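Sequence order for the protein chains is A and B. Each residue of the first sequence is one higher than the one before, starting from 1 at the first, in this note's numbering. Each residue of the second sequence is one higher than the one before, starting from 1001 at the first, in this note's numbering. For glycine and all other residues, C-beta sits at the position ideal for the given N, C-alpha and C. Just so you know, these numbers come straight off a predicted model, no measurement behind them. What follows is one structure encoded as C-alpha cells, with my remarks underneath.
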Amino acid sequence: MAGGQERILRGRIRSVQATKKITRAMELIAASRIVKAQQRVAAAVPYSDSITDVVKDLAAAGGSSQSPLLVSRPEVKTTAYVVITADRGLCGGYNAGVQRATEGEIKAGVLQGSNYAVVTVGRKALGYFRFRGYTIAQSFGGFSDNPTYADAKAIGEYVVDAYLRGEFDRVELVYTRFISAGSQEVVQRPLVPLDSEVVAGGDGKAPDAAGTPADYEFEPDPGTILDTLLPRYVEARIYAALLNAAASEHAFRQRAMKSATDNAEELIKNLSRIMNRARQDSITTEIMEIVGGAEALAGDAKKHQQVDLGPLDDTLSAATH
Amino acid sequence: MATMEVRLVSPEKVLFTGEATQVITRTLGGGEIAFLPGHAPFLGALTECHTRISMADGSVLDVAVHGGFVQVAGNTVSILSDLAELGEQIDRGRAMRAKENAEEFLRKEHDAEAVSALSRAHARLAASGGVVGTTQGAH
Chain A
1 MAGGQERILR GRIRSVQATK KITRAMELIA ASRIVKAQQR VAAAVPYSDS ITDVVKDLAA
61 AGGSSQSPLL VSRPEVKTTA YVVITADRGL CGGYNAGVQR ATEGEIKAGV LQGSNYAVVT
121 VGRKALGYFR FRGYTIAQSF GGFSDNPTYA DAKAIGEYVV DAYLRGEFDR VELVYTRFIS
181 AGSQEVVQRP LVPLDSEVVA GGDGKAPDAA GTPADYEFEP DPGTILDTLL PRYVEARIYA
241 ALLNAAASEH AFRQRAMKSA TDNAEELIKN LSRIMNRARQ DSITTEIMEI VGGAEALAGD
301 AKKHQQVDLG PLDDTLSAAT H
Chain B
1001 MATMEVRLVS PEKVLFTGEA TQVITRTLGG GEIAFLPGHA PFLGALTECH TRISMADGSV
1061 LDVAVHGGFV QVAGNTVSIL SDLAELGEQI DRGRAMRAKE NAEEFLRKEH DAEAVSALSR
1121 AHARLAASGG VVGTTQGAH
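See the structure below:
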C-alpha cells in the first residue's frame, strides 16, 4: 500500500521535472530573443525618424493638406482597431492585456452609438474576438514573434485602402509598447487619419530652427510626394508597433516561463518531501513487520527449542552416562 | 574635396552611411538628378532606379533602389527606401530571370505589376554591373 503511493509520487515528480525542462528552455529562448528584438526596434528608429521628418517638412512647406489621410472626417461612424497580439499563448497576461483594452474601447464606443471593426494581428486575437462574436474586418497572423517590414506593409496597405474606401473613419492601433525588459505597457495610438500634431511639426524640430522648411525644392510637387509618402509613413508606424509588440511578447514569455519554472521547482520540492515521508513510513512499517515477525519467530523457536532440546538433552545425558 | 554625408536607410536597418562626393538617383517623373555637396534642401520621391554614390575615396557604390524618398538637408543626403539593395549583394542570375519573365509576360499583355517587376529587374542589373538593354549605366 505505502509502496504504491511512493511509486505514484515518483511518477508525478518525473512529469513535473519534464515540464520544468520545457519551461526552462522556453525561458532561455525568450530571453535570448528579447535582445534580438530590442536590436530590431533600435534598427528601425532611423527610418521612422527620417520619414517623420520628411512628413513634417512637407506639411510645414504647405504640402497641401488635401490628402485624405491627413483630413479628419467630420463624423466618425466606424472606428477600426488594429489589435496586435501573439500567435501563441504561454506568455502570461500579454494577449489578455491587449484584448481587454480593445474590448473596453469597443464597448465604450458602442455605448456612444458608433460602429467598430476589428483588424486582428496575431492568431490569439483572432480566436478571442471571433469566439466572442465581434465583427472581424480582416486578420493577419503567423509572424508575431519575428515581424518583417513586408508584414507591416500588408497591414498598412489594407488599412489605408479600407480607410480611403470609407469603410473606416478612424483607425486605432492597440499594442504593447516595449519600454525595457522589465516593463511594457498596453497603449492605444491613433493611426489614421494622421495625427495633425505630428504632421504639423507639433513635436521635434521647430520649423524655423535650421533652414526654414519653405526652402525645400520638391520633385515632383509636394502633393504628389505626400501621396506616396503617407502610406509609407503609416507602414513605418505599424512596423514600429509590430517590433515593439514582438519584443514585449518575448519579455512577457520569459517572465511567464520563469515563474512556471520556479513553480515547478517548488512542486518538485514538496512532492519529494511527501514521497520521502511515504518511503520512510513504508520502511518503518516494514521494519516493524520484520521485527514483529522475528519476535514471533523467536517465540516460536524458543518453544521449539524446548521441545527439541528434550531428546538432545537425553542424548547428552546418555553420552555422559 | 568637399564631401557630404550620405545615409541609405531601409525600414529594417541603416544599409549604409558614409562620406560621398556625389549621389545620382532618379526621381518620380523628374528624371535623373545628381546631388553634390552643399546642395539646396531638396525632397523627392524616387522610382525604381540604379543609384550611384561616388565615395570620397573615388570608388562608386551601386545601389538598386526600388522606390522611396530622398531628403537633402544640411549637407546630408538621406535616401529612404522600403526596398534597396547594395550592388554587390544582388543575385544577377535571379534578376536576369526576373527580367526575362517580365518581358515574356509583357509581350502577351500589359500589366502594371509586370512593368514594375521589369523596372526592378533593370535597376538590379544596372546596379550589379553590366547593363543589358537599358539607358542607364555608363559610369
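For the pair of segments examined, the stretch 4-13 of chain A was found not to touch the stretch 288-296 of chain A: the number of CB pairs separated by less than 8 angstroms stays below three. Residue pairing from DSSP places B:Phe1042 in a beta bridge opposite A:Glu217, B:Val1072. Residues of the stretch 1021-1033 of chain B with a C-beta less than 8 angstroms from any C-beta of chain A: Thr1027, Leu1028, Gly1029, Gly1030, Ile1033, listed in chain order. Just measuring C-alpha positions, the residue of A:Ala152, A:Glu286, A:Ser32 sitting nearest A:Phe252 is A:Ser32. Residues of chain B with a Cβ closer than 8 angstroms to the Cβ of A:Thr52 do not exist; the shortest Cβ-Cβ separation is about 11 angstroms.
Your pair A:Val76 and A:Asp161 does not check out as a contact, with CB atoms roughly 18 angstroms apart and the cut at 8 angstroms.
For the stretch 1035-1047 of chain B, the residues whose beta carbon sits under 7 angstroms from a beta carbon of chain A are, in order, Ala1040, Pro1041, Phe1042, Leu1043, Gly1044, Ala1045. For A:Ile225, a Cβ of chain B is located within less than 8 angstroms of the residue's own Cβ. If only uninterrupted beta strand (DSSP E) runs of at least 3 residues are considered, those enclosed by the stretch 134-167 of chain A are 136-140. A Cβ-Cβ separation of about 3 angstroms places B:Gly1087 in contact with B:Asp1062 under the 8 angstroms criterion. Counting of Cβ neighbours within 10 angstroms places B:Ala1034 among the exposed residues, the total staying below 16. Around the beta carbon of B:Lys1099, 16 or more other beta carbons sit within 10 angstroms, so the residue counts as buried. The Cβ of B:Val1060 sits no closer than 8 angstroms to any Cβ of chain A. Interface residue (Cβ-Cβ distance to chain A less than 8 angstroms): B:Val1115 is not classified as such. For A:Ala236, the CB contacts under 7 angstroms within the same chain, skipping 5 residues up- and downstream, are Tyr47, Ser48, Ile51 in chain order. Look at B:Glu1005 here: in three-state DSSP terms it is strand. The Cβ atoms of B:Ala1127 and B:Ala1102 lie no closer than 8 angstroms to each other. Contact check between the stretch 11-27 of chain A and the stretch 221-235 of chain A: fewer than three CB pairs, one atom from each, fall below 8 angstroms, which does not count as touching.
The Cβ atoms of A:Ile238 and B:Ala1045 lie no closer than 8 angstroms to each other. Secondary structure at A:Thr102: helix, using DSSP grouped into helix, strand and coil.
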